[in-house]
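Undergrad:
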């Protein structure tokens, strides 16, 4: 199972795989936590009353915040290059 995950995530060791999972977990949680003050600053609920549109706007705000935090947390854990390459692969999929 770990060998399969190492292949999917293109890591060199089980240790790096654990670090990658940890960075993804921290980045996801932190981006949701940080997005709340940003959304409150924008005061979007005053202008948009539809709950579905509010959720859509929240996702639009969280997405770029997550990308930045992912690189930052990856750098803290010494895996900046891995996550930089991950982001480049991710954005190439959107270009097609």
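In my numbering, the protein residues as written are 425 to 520. A virtual CB, placed ideally from N, CA and C, is assigned to each residue, including glycine. Just so you know, these numbers come straight off a predicted model, no measurement behind them.
Can you tell me which of 511, 484, 506 puts its alpha carbon nearest to the alpha carbon of residue 459?
TA: Start at 1 with the first residue of the chain shown, and residue 459 comes out as number 35. Cα-wise, what sits closest to residue 459 is 484.
Undergrad: Between which two residues does the alpha helix (DSSP H) harbouring residue 509 extend?
TA: As a first step, residue 509 is located in the chain shown; it is residue number 85 there, counting from the start. Note, residue 509: alpha helix (DSSP H), 504 to 519.
Undergrad: Inspect the beta-carbon positions of residue 496 and residue 506 and report whether they are closer than 8 Å.
TA: Position 72 of the chain shown, counted from the first residue, corresponds to residue 496. Position 82 of the chain shown, counted from the first residue, corresponds to residue 506. No.
Undergrad: Closest by CA to residue 439, which one among 464, 503, 472, 516?
TA: In the chain shown, counting from the first residue as 1, residue 439 sits at position 15. Closest option to residue 439, Cα to Cα, is 503.
Undergrad: Could you check whether the stretch 478 to 494 touches the stretch 444 to 459, counting it as contact only if at least three pairs of C-beta atoms, one from each stretch, sit closer than 8 Å?
TA: Touching, yes, given that three or more Cβ pairs across the two stretches are closer than 8 Å.
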